[in-house]
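Q: Next up is a structure, given as structure tokens.
Protein chains in written order, with this note's numbering: chain A, 50 to 401; chain B, 50 to 401.
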């Protein structure tokens, strides 16, 4: 059930044996092995990771947030950033850097270097290094055990709805999100739509939750970036366990649910395979629970396996590893991947 | 005389004050400030940094070599690599990674993590971390003093000739470089052409020379990537000195000279502004010289300034800061930049 990307990464881990490959496939690499530094890298390419026309400031903040989410997943304290930026002629470099530097400062990060190139497409690659929390331990995907509670640090599926709205013409300019006409009314729908767009463009990395997890005697975590289902498969595979989740734990509130259906989307599908949620998916020993301030909620538990199950209204089913496969294309997508999410974001999507 | 890129970087250093910006603009950032780690990042984008159709293995090795050259410039021992790769459908990922891992092993580097994405254009961003040589010191651009000898670690201009040949249809497949017909004969020309193509596609980072420099009581260095003239201006500006070089020290051997003229290029222009040479440009106190094994040669000396001069057959002239300006375009290029080198590499260049 592994995606093309997961297969390549598994191959790479084997091929890289002796050259550091054992770390490949985690949210961050620990340096020296097991040491006090965590390093992670993320890419944002125009037309692939974001729609053309995104304001430079928003791109800068989103690039950083997405990357910080990987540090949050391992429980690291952000320290340094290195940027590689390829810009088309006329790109507003200074607003981009001003926003990036301000956001870096807010997280105690130092931008220490980078590389600047021309490119036809705007492309930004950020490498971050974080430090282990004093007295804490690294949180990885391997720390789950059968019987652990499975938790989410926040709602999943809302970001994907925001992506659908942006593809249909929603925009975030200045302080307000504008919506394409069919989503302007009723008011409850519009409020949910605006929240979804903000959620997509301005994810909030759960660094505090990651620090808390780093202080536990045992925990496993990753951040939900490619889709809950595929990321849960990764957590279970790397921990050597199975899992079981409840569909009702993923239910949308009424307005969000109505918005999803208006967009022709199944709320459960969005929650399972939408991706780009950037909340932490984590496992804790049974009985342990995070402080209420984190607004985490339990969605199921790890089992002795094999396989992953989801319990819904119609009973218990196998949970497919759906979500983004960064190497699949619309036509080549495997049985477990989601062609919609795999296709590049279109510049001129069909009207809703 | 600063380029658009240098201006942006100078602005960024000011804007980033308090957020680590003091390190921006060097070949590598030292972490923690003045500490034992050097971090650098480099980008290779299809159509910008290399011609479409480059074999994945060659791209992998070139990406690493170009990046290692930055570590060589500061005298660092390569340690870790993190890769962000964006690939179009059908890209041969495994040959790319096999070649990259093998090249990493050869330099004692561990590939510890990365990010994989789809992209319309092949784009690879590599972040490297290196460690200070035991007992050595960091080599920077600021360590030059008036009276120092100015040295090059190898010939400059040959790589740019290779780039011209590739744009005209030369190719390196398997073990042999094939040339477009006009360069197949005479034999001496063909040999020089093949060497130039190899020099362009497979630069050799001068890590040994960098280690030697790191062991000196005082040295300044950078690697010649954007062009000798512009990089020499950077060295002098950051060391607060002037400089003077001799054109005859940059002369090509006869066959290479003939090849350049056949391609309609001035050998001296190629040497001064061709770029992508990836040899070290360094300054040493007068009287010191590198061991002969490095094949370095002196090209001039640093002066109390102001400005940079070049002594040629027609006397002494000011040396313009020519070379690649990563932010300039053909039409917007400043007086000091070189429109030819600034334009993206063309897929279908006009015939020679």
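All residues carry an ideal CB built from backbone N, CA and C; glycine is no exception.
(1) Relative to the alpha-carbon of residue 57/A, which residue among 322/B, 369/B and 164/B has its alpha-carbon at the smallest distance?
(2) With H, G and I counted as helix, E and B as strand and the rest as coil, what does DSSP make of residue 434/A?
(3) At which residues does the beta strand (DSSP E) containing residue 350/B begin and terminate?
(4) Give the secondary structure of residue 218/A by DSSP, where H, G and I count as helix, E and B as strand, and everything else as coil.
(5) Using a Cβ-Cβ distance cut-off of 9 Å, determine whether residue 381/B contacts chain A.
(6) Name the chain B residues whose beta carbon is nearer than 7 Å to that of residue 61/A?
(7) Whose CA, out of 234/B, 290/B and 316/B, lies closest to the CA of residue 199/B?
(8) Short of 6 Å in beta carbon distance, which residues of its chain neighbour residue 258/B, apart from the five on each side in sequence? Order them along the chain.
(9) Excluding five sequence neighbours on each side, which residues of the same chain lie with their C-beta closer than 7 Å to the C-beta of residue 186/A?
(10) What are the uninterrupted segments assigned as beta strand (DSSP E) that are 3 or more residues long and contained completely in the region 76–160 of chain B, given in chain order?
(11) When DSSP labels each residue in this structure, what does residue 299/B get in the three-state scheme?
(12) Per DSSP, what kind of secondary structure is residue 200/B in: helix, strand or coil?
(13) How do the region 314–334 of chain B and the region 269–287 of chain B stand: do at least 3 beta-carbon pairs fall below 8 Å, yes or no?
(14) Do we get a CB-CB distance below 9 Å when we pair residue 284/B with the residues of chain A?
(15) Would you verify that the beta carbon of residue 352/A is, or is not, closer than 9 Å to some beta carbon of chain B?
(16) What does DSSP give as the partner residue(s) for residue 269/A in the beta ladder?
(17) Confirm, please, whether the CB-CB distance from residue 117/B to residue 127/B is below 9 Å.
(18) If you draw a straight line from the C-alpha of residue 222/A to the C-alpha of residue 240/A, how long is it?
(19) State the Cα-Cα distance for the pair residue 100/B and residue 108/B, rounded to the nearest angstrom.
(20) Could you work out which residue in 196/A, 169/A and 134/A is closest to residue 333/A when comparing CA atoms only?
(21) To the nearest angstrom, report how far apart residue 92/B and residue 166/A are at their CA atoms.
(22) Find the nearest neighbour of residue 256/A within the set 286/A, 121/A and 82/A, judged by alpha-carbon distance.
(23) Give me, in chain order, the residues of the same chain whose beta-carbon lies closer than 7 Å to that of residue 352/A; leave out the 5 immediate sequence neighbours on both sides.
(24) What's the gap between the Cα of residue 338/B and the Cα of residue 368/B?
(25) Is residue 95/A closer than 9 Å to residue 145/A when the C-beta atoms are compared?
(26) For residue 65/B, which three-state DSSP category applies?
(27) How would you label residue 143/B, buried or exposed, when you count the other beta carbons within 10 angstroms and need 16 or more for buried?
(28) Please confirm if residue 257/A has its CB atom under 9 Å from at least one CB of chain B.
(29) DSSP three-state call for residue 226/B: helix, strand or coil?
(30) Apply the 10 Å Cβ neighbour rule to residue 190/A and answer buried if 16 or more other Cβ atoms are within range, or exposed otherwise.
(31) Look at the alpha carbon of residue 378/B and the alpha carbon of residue 252/B, and state the distance between them as a whole number of angstroms.
(32) My understanding is that residue 320/B touches residue 206/B, with C-beta atoms under 8 Å, so please give their C-beta distance in whole angstroms.
(33) Can you pull the chain B residues whose beta carbon is under 7 Å from the beta carbon of residue 247/A, in chain order?
(34) Check whether chain A comes within 9 Å of residue 169/B, counting only Cβ atoms and requiring the distance to be less than that.
(35) With a threshold of 8 Å on Cβ separation, who are the neighbours of residue 310/B within its own chain once the five nearest residues in sequence on each side are excluded?
(36) Just to confirm the assignment, what range does the alpha helix (DSSP H) spanning residue 288/A have?
A: Straight from the coordinates:
(1) Sequence index remark: in the first chain, residue 57/A carries index 8 (1-based). Ranking 322/B, 369/B and 164/B by Cα distance to residue 57/A puts 164/B first.
(2) Since the first residue of chain A shown is 50 and the last is 401, residue 434/A is not available in this structure.
(3) For the purposes of this step, residue 350/B is taken as the residue at position 301 of the second chain. Element bounds for residue 350/B: 346–352.
(4) Here residue 218/A refers to the residue found at position 169 of the first chain. Residue 218/A: coil per DSSP, three-state reduction.
(5) In the second chain, residue 381/B corresponds to position 332, counting from 1. Low per-residue confidence applies at residue 381/B: pLDDT is 28, beneath 50, and the placement is therefore not dependable enough to give any value.
(6) Residue 61/A sits at position 12 when you count from the first residue of the first chain. In chain order: 146.
(7) As a working note, residue 199/B is residue 150 in the second chain. Taking only the C-alpha atoms, the option nearest residue 199/B is 290/B.
(8) Taking the second chain and counting its residues from 1, the one referred to as residue 258/B is at position 209. So the qualifying residues of the chain are 202, 329 and 343.
(9) Taking the first chain and counting its residues from 1, one reaches residue 186/A at position 137. Once the five neighbours on either side are set aside, the close Cβ partners of residue 186/A are 263.
(10) 78–80, 86–94 and 125–136
(11) Here the question's residue 299/B lines up with position 250 in the second chain. In the structure shown, residue 299/B sits in a helix (DSSP, three-state: H, G or I).
(12) Taking the first residue of the second chain as position 1, residue 200/B is located at position 151. Of the three classes helix, strand and coil, the one that applies to residue 200/B here is strand, per DSSP.
(13) yes
(14) The count along the second chain starts at 1 and reaches residue 284/B at position 235. Not one chain A Cβ lies under 9 Å of residue 284/B.
(15) For this step, residue 352/A is matched to residue 303 along the first chain. No - not a single Cβ of chain B is within 9 Å of the one on residue 352/A.
(16) For the purposes of this step, residue 269/A is identified with residue 220 of the first chain, where counting begins at 1. 189/A and 332/A.
(17) For the purposes of this step, residue 127/B is taken as residue 78 along the second chain, with counting starting at 1. For the purposes of this step, residue 117/B is taken as residue 68 along the second chain, with counting starting at 1. In this structure, residue 117/B lies closer than 9 Å to residue 127/B by Cβ.
(18) Counted from its first residue, the first chain places residue 222/A at position 173. Counted from its first residue, the first chain places residue 240/A at position 191. So the two alpha carbons sit approximately 16 Å from each other.
(19) Mapped onto the second chain, residue 100/B falls at position 51. Mapped onto the second chain, residue 108/B falls at position 59. So the two alpha carbons sit approximately 10 Å from each other.
(20) By 1-based counting over the first chain, the position of residue 333/A is 284. Checked all of 196/A, 169/A and 134/A; the closest Cα to residue 333/A is 196/A.
(21) By one-based count along the second chain, residue 92/B stands at place 43. By one-based count along the first chain, residue 166/A stands at place 117. About 8 Å.
(22) Counted from its first residue, the first chain places residue 256/A at position 207. It is 121/A whose Cα lies nearest to the Cα of residue 256/A.
(23) Within the first chain, residue 352/A is the residue found at index 303, counting from 1. Around residue 352/A: 195, 290, 291, 292 and 293.
(24) Here residue 338/B refers to the residue found at position 289 of the second chain. Here residue 368/B refers to the residue found at position 319 of the second chain. Computed Cα separation, rounded: 25 Å.
(25) Here residue 145/A corresponds to residue number 96 of the first chain, with the count starting at 1. Here residue 95/A corresponds to residue number 46 of the first chain, with the count starting at 1. It is not a contact, given that the beta carbons lie outside the stated cut-off.
(26) Here residue 65/B corresponds to residue number 16 of the second chain, with the count starting at 1. Looking at residue 65/B - three-state DSSP - the assignment turns out to be coil, as it is neither helix nor strand.
(27) Sequence index remark: in the second chain, residue 143/B carries index 94 (1-based). So residue 143/B counts as exposed.
(28) Residue 257/A sits at position 208 when you count from the first residue of the first chain. Not one chain B Cβ lies under 9 Å of residue 257/A.
(29) The residue labelled residue 226/B in the question sits at position 177 within the second chain. Here residue 226/B sits in strand by DSSP.
(30) As a working mapping, residue 190/A is identified with position 141 in the first chain. Residue 190/A should be labelled buried.
(31) Looking up residue 378/B in the second chain gives position 329. Looking up residue 252/B in the second chain gives position 203. Here the model assigns residue 378/B a pLDDT of 44, short of 50, so the residue's position is not dependable and the matter cannot be decided.
(32) What you label residue 320/B is simply residue 271 of the second chain in a count that begins at 1. What you label residue 206/B is simply residue 157 of the second chain in a count that begins at 1. Correct: roughly 4 Å between the Cβ atoms.
(33) Counting from 1 along the first chain, the entry for residue 247/A is found at position 198. Per Cβ cutoff of 7 Å: no residues; residue 247/A is ~24 Å from chain B at best.
(34) The sequence position of residue 169/B within the second chain is 120, counting from 1. Answer yes: the Cβ-Cβ gap between residue 169/B and chain A drops below 9 Å somewhere.
(35) Counting from 1 along the second chain, the entry for residue 310/B is found at position 261. If we look at residue 310/B and ignore the five residues flanking it on each side, its Cβ neighbours are 316.
(36) For this step, residue 288/A is matched to residue 239 along the first chain. Start and end: 277–288.
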